[in-house]
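Visitor: For the sequence shown, this note's numbering gives the first residue as 4, with consecutive numbering after it. This is the structure I want to talk about, given as structure tokens.
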Amino acid sequence: MNQQQRLKLIEKQQRAYETGTIEFINQQWVFFDEETEEASLLDHYLHQEIDVLRSKVWNKGFLIEGARIQCGKEIFELKDRETIRIRKQLIYSLERLLDELQDEAFFYFLTTLNSLQFSIHDCIYCYNHLNFLNTNESAGGVNFLIFDNEEEICSIQHHFDYGTTRNDRFEFTLNSGKRTVIEKIS
């Protein structure tokens, strides 16, 4: 599995976007999240990937100054009360952890998380102990992750031992008491 295939799996996750409408209020563009009903300045998302809904089709581009979207070489202006969606950013320590996982461990982790009705974008906390270790040498420890899908909480302990073999063990515990353990040794 190459990096592009991994990115596709992450992009296809549920709750990967904040969707809402934009309005021009007091000489500023404001984004209203349809789920949380929170308002934020659109400028906060400058240079991020944004999709605009036009004629029932999502047009992908990057937000640039002046409430404009750059789609390749084409640039177009946003309209008042237009629907947009903004790709959510993963927590940095989670991104680094996913990068460290070998393909099979990455795939098993993601599919198990999804089977429990959580998305990678539901992560609200990630302590990645691997960030503090030299991964060129033998390494071992535990990473702690917490996910919230607004219905349940999932706490994950990732026990790892990277020596002559690589051992990844994930212990998923839901607030309901349900537990799932997966282990990948390579």
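A virtual CB, placed ideally from N, CA and C, is assigned to each residue, including glycine.
Measure the Cβ-Cβ separation of alanine 70 and glutamate 80 and say whether it is below 9 Å.
Guide: In contact: alanine 70 and glutamate 80 (Cβ atoms closer than 9 Å).
Visitor: From the DSSP output, which residues share a beta bridge with glycine 64?
Guide: Ile53
Visitor: Can you tell me which of the three DSSP states aspartate 83 falls into?
Guide: coil
Visitor: Lysine 15 to arginine 57, Cα distance in whole Å?
Guide: 21 Å
Visitor: Which word fits glycine 143, buried or exposed, when buried means at least 16 other C-beta atoms lie within 10 angstroms of its C-beta?
Guide: exposed
Visitor: Residues in its own chain within less than 6 Å of glutamate 37 by CB, not counting five upstream and five downstream?
Guide: For glutamate 37, the CB contacts under 6 Å within the same chain, skipping 5 residues up- and downstream, are Thr22 and Gly23 in chain order.
Visitor: Asparagine 137 to tryptophan 61, Cα distance in whole Å?
Guide: 42 Å
Visitor: Which whole runs of the beta strand (DSSP E) in the region 135-182 are 3 residues long or more, in chain order?
Guide: 142-151, 156-165 and 169-177
Visitor: Let me know the beta strand (DSSP E) ranges lying completely inside the region 7-35, each 3 residues or longer, listed in chain order.
Guide: 20-28
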